[in-house]
Structures are given as C-alpha cells and as structure tokens.
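Numbering (this note's numbering), first residue to last: 15 to 142.
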C-alpha cells in the first residue's frame, strides 16, 4: 500500500525528532540545575535541586518512550522487536524509579516545610 510505504519512510524521522526533544529536555534541565547548584554553593543535599532534575528526567524519558513506541510501527524482524522491547522495558523501569524518587523527595520537602512552619510558630510563643 502507498500509505504503508510513506509511514515506513516518515516514522523514523518523527521518532528521531521526538528523541531529540527528550535529549534537549535533559540538557536544559542539567543547565538549570547546575545554576541552582551554584546558587546553593554546591549544597548537594538540597532536595529541591534533585527534585527539579528528576522531574525533567522523567519527562524526557516519556518522550524517549514515545519515540520507541513509534518505532514499533516499522519493525521488520524479530531481532528488532526484542531489542526495542528491551529498551522500552529499561526505560519503563527507569521512569518508575524516577517517579518513586520524586514522590519520596516531594514528601521529604513537604515535611521540612511543615517543620519550619511549626518551629516559626513556637519561637514567638517562647519569647513571651
């Protein structure tokens, strides 16, 4: 079919563009988090910096997985299928781990904010 031939020709280019978007997201996030790291005087325990980078990595991995899904349209051999499946599984695992880290870091950041608010409320009471 004519449409099938066009799809086979076009999909690799579209998938490559989507992968480039993922790479650009990672690069931009790294630049931004390095700026934050410099502002914090290289405080590597800063949860906010880790959280921002993790969110960007998760988003970038979503783009990379979208490109892999598009590539499934043009698979020709079983070997290509196995390789693509392995890549997708690895990216799903990475995305799951990153989302888990985001959840834990967000909870830790919320706890720290609550503790800071509670300690601010106690200080004026102690002054009386």
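Even glycine gets a Cβ: it sits at the ideal position worked out from N, Cα and C. Note that this is a predicted model, so its numbers are computed, not measured.
Going by DSSP in three states, residue i sits in which element: helix, strand or coil?
i	result
residue 120	helix
residue 57	coil
residue 90	coil
residue 79	helix
Hey, residue i and residue j: beta-carbon distance below 8 Å or not?
i	j	result
residue 85	residue 126	no
residue 71	residue 105	no
residue 40	residue 69	no
residue 79	residue 107	no
residue 32	residue 77	yes
So the candidates are the options; which of them puts its Cα closest to the Cα of residue i?
i	options	result
residue 96	108, 107 and 82	82
residue 110	73, 37, 59 and 90	73
Could you check how far apart the C-beta atoms of residue i and residue j are, in whole angstroms? I think they sit under 8 Å.
i	j	result
residue 88	residue 25	5 Å
Are at least three pairs of beta-carbons, each pair with one atom in the segment 106-123 and one in the segment 57-68, less than 8 Å apart? yes
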